[in-house]
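A.B. asks: Pasting in a structure now, in structure tokens, and then I'll have a few things to ask.
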Amino acid sequence: GEEVAQTPKHLVRGEGQKAKLYCAPIKGHSYVFWYQQVLKNEFKFLISFQNENVFDETGMPKERFSAKCLPNSPCSLEIQATKLEDSAVYFCASSHRDRTARYSNQPQHFGDGTRLSIL
Amino acid sequence: EDKVVQSPLSLVVHEGDTVTLNCSYEVTNFRSLLWYKQEKKAPTFLFMLTSSGIEKKSGRLSSILDKKELFSILNITATQTGDSAIYLCGSRLDNIYGGSQGNLIFGKGTKLSVKP
């Protein structure tokens, strides 16, 4: 598609439950990024993928968070045993691969985000 | 520690005013600086700046990067109520030694309110 599509728009979970968020990147984009935005503050980078391979996971919490990008499927971000502090808007972004550069330097295009509310 | 600082954090102007938003950065292995406009949902891409001194322009918006002084500005002329939004500045990292590659570090944003 022409836009990054994130689902669901809003997800409500009780503390301790699992939450799974989905992201379909723009068609033809090779890179997918996940960010967490808490209370309209800065974006915190979580993880990025180049196609189905993890590209950079330096921002991912060591526990409870996992992510995948499988061929012919939306990418997903899963949080096990959610905590109140996981409440945030989770944004997905995708970018096109710049074939003239070793690493992509194309702008990232963002989806509308999934608002995760942990009660 | 890599960081991006935006100022002011909040700005209220009247329609027709010209505004300048500031972004300074301290990052290792800087690659590019990006500006986004965030209204209710998705940040919308505005500009990507890689080289110093080259102004990028789109309608009433323009931006420039100074890699020596490590800052960028975003100018909006003849502001309209539709320009009301949070403007985000993000620095893109590129660590050739295998560290963080390609993700953005954002500032806290400047909340611009344009009154009729």
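So the protein sequences, as listed, match chains A and B. With our numbering applied, the first sequence corresponds to residues 1 to 119, in that order. With our numbering applied, the second sequence corresponds to residues 1001 to 1116, in that order. Quick reminder that beta carbons are idealized off the backbone N, C-alpha and C, glycines included. Please read these numbers as outputs of a predicted model, since none were measured by experiment.
Are the C-beta atoms of A:His109 and some chain B residue less than 7 Å apart?
C.D. replies: Yes, contact with chain B.
A.B. asks: Can you tell which of B:Tyr1087, B:Arg1031, B:Met1048 and B:Leu1074 has its C-alpha closest to the C-alpha of B:Met1040?
C.D. replies: Correcting the residue type first, residue 1040 of chain B is Lys in the shown sequence and not Met. Nearest of B:Tyr1087, B:Arg1031, B:Met1048 and B:Leu1074 to B:Lys1040, Cα basis: B:Tyr1087.
A.B. asks: Under 7 Å between the Cβ atoms of B:Ala1078 and B:Gly1016?
C.D. replies: Yes. Within cutoff.
A.B. asks: Taking Cβ positions only, does B:Lys1056 come closer than 7 Å to chain D?
C.D. replies: In the structure shown, chain D cannot be found, because the protein chains are A and B.
A.B. asks: Against chain B, does A:Ser48 count as a neighbour if the rule is that its beta carbon must be under 7 Å from one of theirs?
C.D. replies: Output row for A:Ser48: interface = yes.
A.B. asks: Below 8 Å between beta carbons is the criterion; list the residues of the segment 44 to 73 of chain A that meet it against any residue of chain B, in chain order.
C.D. replies: For the segment 44 to 73 of chain A, which is checked against every Cβ of chain B, the residues closer than 8 Å are Phe45, Ser48, Phe55, Asp56, Thr58 and Gly59.
A.B. asks: Considering just the uninterrupted stretch of the beta strand (DSSP E) at A:Ala88, what are its terminal residues?
C.D. replies: Element bounds for A:Ala88: Ala88 to Ser95.
A.B. asks: Does DSSP put B:Gly1082 in a helix, in a strand, or in coil?
C.D. replies: B:Gly1082 falls in the helix class under three-state DSSP.
A.B. asks: Let me make sure I understand the geometry here. Which of A:Ser73, A:Asn72, A:His29 and A:Val89 has the alpha-carbon closest to that of A:Gln37?
C.D. replies: With distances taken between Cα atoms, A:Gln37 lies closest to A:Val89.
A.B. asks: Along chain B, which residues have their Cβ under 9 Å away from the Cβ of A:Gly28?
C.D. replies: By Cβ distance, chain B contributes nothing, its closest Cβ being about 16 Å from A:Gly28, past 9 Å.
A.B. asks: Tell me, please, whether the CB atom of B:Lys1108 is closer than 7 Å to any CB atom in chain A?
C.D. replies: Judged by the 7 Å Cβ criterion, B:Lys1108 is in contact with chain A.
A.B. asks: Indicate whether at least one CB of chain B lies closer than 7 Å to the CB of A:Glu2.
C.D. replies: A:Glu2 does not count as touching chain B.
A.B. asks: I'd like to know if A:Glu42 contacts chain B, where contact means its C-beta is closer than 7 Å to some C-beta of that chain.
C.D. replies: So, interface residue.
A.B. asks: Between which two residues does the beta strand (DSSP E) containing B:Pro1043 stretch?
C.D. replies: Per DSSP, B:Pro1043 belongs to the beta strand (DSSP E) from Pro1043 to Leu1049.
A.B. asks: Applying the 10 Å Cβ sphere with the 16-neighbour rule, what's the burial state of A:Ile118?
C.D. replies: A:Ile118 should be labelled buried.
A.B. asks: Among B:Asp1066, B:His1014 and B:Lys1068, which has the Cα closest to the Cα of B:Pro1116?
C.D. replies: For B:Pro1116, the nearest C-alpha among the options comes from B:His1014.
A.B. asks: Buried or exposed: where does B:Arg1092 fall if 16 or more other Cβ atoms within 10 Å of its Cβ makes it buried?
C.D. replies: Classification for B:Arg1092: buried.
A.B. asks: Please find out if some non-hydrogen atom of the ligand GDP comes closer than 6 Å to the beta-carbon of A:Thr82.
C.D. replies: The ligand GDP is absent from the structure shown, which contains no ligands of any kind.
A.B. asks: Whole angstroms are fine: how far does the CA of B:Gly1109 sit from the CA of A:Gln50?
C.D. replies: Between A:Gln50 and B:Gly1109, the C-alpha separation is close to 28 Å.
A.B. asks: B:Leu1070 by DSSP, collapsed to three states: which one?
C.D. replies: In this structure, B:Leu1070 counts as coil in the three-state DSSP scheme.
A.B. asks: Grouping DSSP H, G and I as helix and E and B as strand, with all else coil, what is B:Ser1100?
C.D. replies: Low confidence applies to B:Ser1100: its pLDDT is 38, below 50, so where it sits in the model is not reliable, and the reading given next is rough at best. B:Ser1100: coil per DSSP, three-state reduction.
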